[in-house]
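Using this note's numbering, the letters of the sequence shown correspond one by one to residues 16 to 443.
The C-beta atom is built at its ideal place from N, Cα and C for all residues, glycine as well.
Notes follow once the structure below has been shown.
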Amino acid sequence: MAVDLVVVGLGYVGLPLAQAASAAGLSVRGFDLNRTIVEGLNAGHSHVDDLSDDDIATMLGQGFRATTDDAVLGEADTIVICVPTPLSPDGGPDLGAVLGATRSIAKHLHRGQLVILESTTYPGTTDEDVRPILEAGGLVAGIDFNLAFSPERIDPGNPVYGMVNTPKVVGGHTAACTDRAAAFYGRFVKTVVRARGTREAEMAKLIENTYRHINIALVNEMAQFCKPLGIDVWDAINAAASKPFGFQAFFPGPGVGGHCIPIDPNYLSHRVKTLLGQPFRFVELAQEINTGMPAYVKRRIQDLLNEQGKSLKGSTVLLLGVTYKPDIADQRESPVRPLARQLLATGANVVFHDPYVQHWNIDNEHGHPADTDRVLESEADAIAAAKAADIVVLLMPHRSYDLDAIVSASVQVLDTRGRLTAANVERL
Ligand SMILES: NC(=O)c1ccc[n+]([C@@H]2O[C@H](COP(=O)([O-])OP(=O)(O)OC[C@H]3O[C@@H](n4cnc5c(N)ncnc54)[C@H](O)[C@@H]3O)[C@@H](O)[C@H]2O)c1
C-alpha cells in the first residue's frame, strides 16, 4: 500500500516532521536504523524533547508507524532524509549517514517518487553526493523521479516557532522538482520559500548558522575586553537593541553548544578550502573565539577564587546547568564539558546540578562510553549544593531554577548569562 511520506531518521528533526505531516492527514511511516528508537516509538515513547508520549500516541492513532525495514521506502510517494551530519574526527564533514540513507532509498527507488534531503550539509551535496547514488540504478533525477533539498530550521524547545509556522525553503534539482517539493510541504507548512536550486537551498541554511556563529563570537570577544574596561556588556547590548532597525542582539556565554552552530559552519569552510584552496576566515576566527570561551570562564573562576584567598585547586565549583539550551535535556557539544575537564585538570572539585541531566559523562558524548570516562551525578538540590560550594557558575539558566535563592545561598557566583545582579555576583 502506498504511503504519502516516509521519514528517514526519526530524531529531533525527523520526528516533528512526521508529526506535522500526520496531523495534516498524510499517511506517514518512519524508517530508522536504531531498533531501540523504533520499538520505543511504536510502543508510544518519545525520545526527543519537543514531543511527548501523548504526541506519539496521537501520531500512532493517525496511522504513523516506525520500522527498521527499508522495504518501506519502496511504498513512499515522498521520502525525506533527516539523518545526522556530524563532523569526522579530522573536523571535516561526515556524510556517512546521508550516504547510507541514500543507498537504502536507491535500493527501492522507483519512477514518480520525490526524494528530499533535509540534513544540514555543504552546498553541492544533493547534486554531487546524493543524486549519483540515486541514479546508479538507471533512473534520472528530474525525469524519472524528483529530487530536492529543504533545510530544516527546527529550534528544539521554541514555544512559538515550530514546523508549521516556520517558513520552509525548498530548492529542486529542476524547476519541476522545486514545484513538487513546494507542493508537498505546502500541505502542512504555512509558507514555502523557493530557492533557485539545491545549492542555494543548502547555502541558505549555512548562511543562517554561520551568521549566528560569527555574531556570538563577536559578543564573546567583546565580553572579554568589556570586563577590564568596566563595561557591562549585557547592558550595552540591550541598549543597542533599542534600535528598531539594522541591529539584532546576540549575547555572550560560556561558548556555543548544540549540533548546529558549532558544526555547520565547518561544513562550509571545509568546502571552501577543499574546492577553492582558501580559508573562510570569518568562520575560523569565530571558531577560535567560541571554543576559547570555556578557558576564559575557567580563568574568571580562578580570579574570583583568588580574590577570596582561595586556589582553584581544592575548591568546590558548582556548575549550574550543563545542557546547551535552557529547559531541554540536550547536552550535545555543550561548552560546559570542556570547562569541567579544564577545572578538573587543575585540581578543582567539580560538582554540577541540572534538573534535566542525572548522569553526566564529561569525557564522551559521541560513541559508546568507556570504563575510563568520568561520569558525574547531579547534585540533588541546587540550593544546598550552592551553600556547600566555594563558587557557583551559572551556565544554563533553566526556568525551574530559583536564582534568587541560589544567589542568597552562595558565597560567590559567576554569571555567564548576564541574568543576575547582587553583591556576590560577578558577570562574565
Ligand atoms: N536538531 C536540530 O535542532 C536541528 C535543526 C536544524 C537542522 N538539523 C539537522 O538535521 C539533521 C538531523 O539532525 P537530528 O538532530 O534530527 O539528528 P538525531 O541524531 O536526533 O536523529 C537522527 C536519526 O537518524 C537515524 N539514522 C542515522 N543514520 C541512518 C540511516 N542511514 N538510515 C536511517 N536512519 C538513520 C539515527 O538513528 C537517529 O535516530 C542533521 O543534519 C542536523 O544538522 C538539526
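query, result
"Beta strand (DSSP E) segment containing VAL207, residue limits", "207-209"
"CA nearest to the CA of GLY307, picked from LEU233, PRO280, SER326", "LEU233"
"Straight-line Cα distance separating ASN281 from PRO108", "8 Å"
"Cβ-heavy atom distance, ALA363 to ligand 1, below 6 Å", "no"
"Buried versus exposed call for ILE304 [16 or more other C-beta atoms within 10 Å across all chains shown]", "buried"
"Beta-ladder partner(s) of LYS183, from DSSP", "VAL207"
"Which of helix, strand or coil DSSP assigns to GLU380", "coil"
"Opening and closing residue of the alpha helix (DSSP H) in which ASN253 lies", "248-255"
"LEU114 versus PRO104: straight-line alpha-carbon distance, rounded", "18 Å"
"Closest Cα partner of THR213 within the set THR135, ALA438, ALA255", "THR135"
"Beta strand (DSSP E) segments (min. 3 residues) lying fully within the stretch 289-324", "none"
"PRO108 - DSSP class collapsed to helix/strand/coil", "strand"
"Opposing strand residues paired with GLY45 [DSSP bridges]", "VAL22, ALA81"
"7 Å Cβ cutoff met for ALA91 and VAL23", "no"
"Check: GLY26 C-beta below 6 Å from any heavy atom of ligand 1", "yes"
"Closest residue to THR93 among SER67, SER42, THR83, LYS122 (Cα-Cα distance)", "SER42"
"Top-ranked residue by Cα proximity to ALA210, from ALA219, LYS402, VAL204, PHE203", "ALA219"
"ASN131 - DSSP class collapsed to helix/strand/coil", "Correcting the residue type first, residue 131 is Ile in the shown sequence and not Asn. Three-state result, ILE131: strand."
"Check: ALA35 C-beta below 6 Å from any heavy atom of ligand 1", "no"
"VAL407 and VAL428 closer than 7 Å at C-beta", "yes"
"Nearest candidate by alpha-carbon position, reference ALA404, set TYR371, GLN373, THR331", "THR331"
"Cβ-heavy atom distance, THR100 to ligand 1, below 6 Å", "yes"
"Nearest candidate by alpha-carbon position, reference LYS340, set VAL372, LEU56, LYS325", "VAL372"
"CB of PRO370 within 7 Å of CB of PRO269, strictly", "no"
"Given ALA395 as reference, the closest of ALA197, ALA121, ASP247, LEU333 once Cα atoms are compared", "LEU333"
"Spatial distance of ASN49 from ALA399 (CA atoms)", "40 Å"
"Cβ separation of GLY26 and VAL63, assumed to be a contact under 8 Å, to the nearest whole Å", "6 Å"
"Assumed close pair THR83, ASP47 - CB separation to whole angstroms, cut-off 8 Å", "7 Å"
"Close beta carbons around PRO101, own chain, < 7 Å, minus the five adjacent residues each side", "ASP109, ILE278"
"Own chain residues within Cβ distance below 7 Å of ARG315, not counting five before or after", "LEU429, LEU443"
"Simplified DSSP assignment, three categories, for HIS368", "strand"
"Range covered by the beta strand (DSSP E) that runs through PHE164", "161-164"
"Segment contact, 8 Å Cβ cut-off, at least three pairs: the stretch 192-202 with the stretch 253-270", "no"
"Proximity test, LEU333 beta-carbon vs ligand 1 heavy atom, cut-off 6 Å", "no"
"Contact check, ILE343 vs GLY172, beta carbons under 7 Å", "yes"
"Beta-carbon spacing of ILE71, GLY89 below 7 Å", "no"
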